[in-house]
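In our numbering, the protein residues as written are 44 to 138.
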């Protein structure tokens with residue numbers, strides 16, 4: 044069990060694994076939803092030190108930090124409810 048909500052991405056991944064093992068998988072919008080899908084992608088990128096552009100507007104998405112975020116997303120996705128790839132913004136409100 045967990046006595047408090049995780050404070051980092053590694054702990055969050057462990058929480059999602061535990062929830063799935065108990066029959067209550069997590070789920071986030073991965074589809075073409077404008078709001079939630081983008082917010083989720085930005086959270087993944089920023090939580091691993093990545094960014095899309097730097098302060099001068101230079102595209103910086105191709106970075107080791109982005110790769111770490113993608114690798115984490117692959118692990119996290121395994122804990123999700125099936126079908127999240129086709130969710131739109133409203134779908135995760137019913138999860």
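For glycine and all other residues, C-beta sits at the position ideal for the given N, C-alpha and C.
In terms of alpha-carbon separation, which member of the options lies closest to residue i?
| i | options | result |
| --- | --- | --- |
| residue 53 | 128, 107, 116, 126 | 116 |
| residue 61 | 82, 44, 86 | 44 |
| residue 107 | 46, 95, 122 | 95 |
Here's a check: name, in chain order, each residue in its chain whose Cβ is nearer than 8 Å to the Cβ of residue i, leaving out the five neighbours to either side.
| i | result |
| --- | --- |
| residue 89 | none |
| residue 100 | none |
Determine the burial state of residue i: buried for a count of at least 16 other Cβ atoms within 10 Å of its Cβ, exposed for fewer.
| i | result |
| --- | --- |
| residue 87 | buried |
| residue 64 | exposed |
| residue 48 | exposed |
| residue 92 | exposed |
| residue 75 | Because residue 75 carries a pLDDT of 49, less than 50, the predicted location of this residue cannot be relied on, and the following value inherits that uncertainty. Residue 75 is exposed by the Cβ-count criterion. |
In the DSSP output, what is residue i paired with across the bridge?
| i | result |
| --- | --- |
| residue 69 | 123 |
Whole-angstrom Cβ separation of residue i and residue j, contact assumed at under 8 Å?
| i | j | result |
| --- | --- | --- |
| residue 58 | residue 119 | Actually they are not in contact, since the Cβ atoms of residue 58 and residue 119 sit about 10 Å apart, beyond 8 Å. |
| residue 69 | residue 123 | 6 Å |
What does a CB cutoff of less than 7 Å around residue i pick up in its chain, not counting 5 residues either side in sequence?
| i | result |
| --- | --- |
| residue 46 | none |
Looking only at its own chain, which residues have a Cβ that is under 6 Å from the Cβ of residue i, when we skip the five neighbours before and after it?
| i | result |
| --- | --- |
| residue 102 | 96 |
| residue 109 | 93 |
Flag residue i as yes when its Cβ comes closer than 7 Å to any non-hydrogen atom of the ligand ADP, and as no otherwise.
| i | result |
| --- | --- |
| residue 128 | With respect to the ligand ADP, the structure shown offers nothing to examine, as it has no ligands at all. |
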